[in-house]
Each structure stands twice: as structure tokens, then as C-alpha cells.
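The numbering used here numbers the first residue of the sequence shown as 46 and each following residue consecutively. Yeah, the Cβ is synthetic: ideal placement off N, Cα and C, and Gly gets one too. Read through the structure below, which is laid out as C-alpha cells, and then see the notes.
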Amino acid sequence: MQIVAFDYGEKKIGVAVGQTETNTSSPLQIIFSNNDQVSWNEISVLLDEWKPELIIIGKPLNMDGTDSEIMKKVETFVKHLKTIYDAQYEYIDERLTTFEAKEILIENKSDIVDANAAKILIDSWFNKEL
């Protein structure tokens, strides 16, 4: 099964892809947004290209497990996603994914934190499913 993950941010949305047959994931790209204005055309093209059966969305929680301030924006993002692409949708706790992604990037000398955070969402889903 093909998977796409989105790590939503107000300025950047990290995107990663995964494959259940191989249990692998890769950071794909960053989609820039301007004042919460998302490039829906860019997302639509991406989804049409990868044709995921599952879309994973990072769920921004506070450390105590409550919804963070940005959660309403994430829910609005997902609501719109569902109008343009039919798939199974699942939220994954994204606490510390950006921190973990930065650690990976320091080791690999890369600069795509948000896409790596989305990759970690897929890896977390794989770990949950095993």
C-alpha cells in the first residue's frame, strides 16, 4: 500500500512517502504556504502522482497530550484534503518529530526538516502496525 504523510506547518508542509510492502519511507518535498494559504494544486498533483491509499497527518499535541493551538488549522487542512482526494486518513502523534528530524539532518547534513518529520510520521505508523 502506498502512503503519503503530511507534517502541517503554517509556513511549510513536509511531505513523505512510504510503502507497506517494503516498510520503507522517504522524505519527498516541502510545500510552502503563505499565511496559511496552501498550494492545493501542488498537493493535488502530488496525490495524483503517488496515488496513496493511506494519508497520514501529523497530530500536533502538547507534551501533556492535549491538542496544541495549531490543531484547528490541521483539522481545516485535512477537511479540505478530504474534498480533493479519497483515501483512508489517519492522525499520528507528531510530538518530537521535528526534533528527531533535526537530529537526523545534523547526522546527514541535510536541510529538509519538515519532509523528514513527515517521514518519521510514516515510520511511527509502521511501528504501530507491526
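Secondary structure of Asp112, DSSP reduced to three states: Counted from its first residue, the sequence shown places residue 112 at position 67. Note: Asp112 maps to strand in three-state DSSP.
Ile139 burial status per 10 Å Cβ neighbour count (16 or more: buried): Taking the first residue of the sequence shown as position 1, residue 139 is located at position 94. One detail in the question is off: residue 139 reads as Glu in this sequence, not Ile. Classification of Glu139: buried, given that the 10 Å Cβ count is 16 or more.
Beta-carbon proximity of Ile167 to Ile48, cut-off 8 Å: The residue labelled residue 167 in the question sits at position 122 within the sequence shown. The residue labelled residue 48 in the question sits at position 3 within the sequence shown. Cβ distance < 8 Å, so Ile167 and Ile48 count as in contact.
Same chain, Cβ closer than 8 Å to Ser78, five either side skipped, listed in chain order: Residue mapping note: residue 78 aligns to position 33 of the sequence shown, counting from 1. In the same chain as Ser78, and ignoring 5 residues on each side of it, the C-beta atoms closer than 8 Å to its own belong to Gly54, Glu55, Lys56, Lys57, Ile58 and Ser84, in chain order.
Separation of Asp109 from Gln74, as counted between CA atoms: As a first step, residue 74 is located in the sequence shown; it is residue number 29 there, counting from the start. As a first step, residue 109 is located in the sequence shown; it is residue number 64 there, counting from the start. Answer to the nearest angstrom: the Cα atoms are 30 Å apart.
Asp168 in three-state terms, based on DSSP: For the purposes of this step, residue 168 is taken as the residue at position 123 of the sequence shown. Asp168: helix per DSSP, three-state reduction.
Three-state secondary structure assigned by DSSP to Asn86: Mapped onto the sequence shown, residue 86 falls at position 41. Reduced to three states, the DSSP call for Asn86 is helix.
One or two residues paired with Leu99 in a DSSP bridge: As a first step, residue 99 is located in the sequence shown; it is residue number 54 there, counting from the start. Partner(s): Ile48 and Gln133.
C-beta atoms of Pro72 and Lys164 nearer than 8 Å: In the sequence shown, counting from the first residue as 1, residue 72 sits at position 27. In the sequence shown, counting from the first residue as 1, residue 164 sits at position 119. Cβ distance < 8 Å, so Pro72 and Lys164 count as in contact.
Extent of the continuous beta strand (DSSP E) to which Thr65 belongs: Here the question's residue 65 lines up with position 20 in the sequence shown. Looking at the DSSP string, Thr65 is not in any beta strand (DSSP E), and its letter there is neither H nor E.
DSSP beta-bridge partners of Gly72: Here the question's residue 72 lines up with position 27 in the sequence shown. Sequence check: residue 72 is Pro here, not Gly. In DSSP, Pro72 forms a bridge with Ala61.
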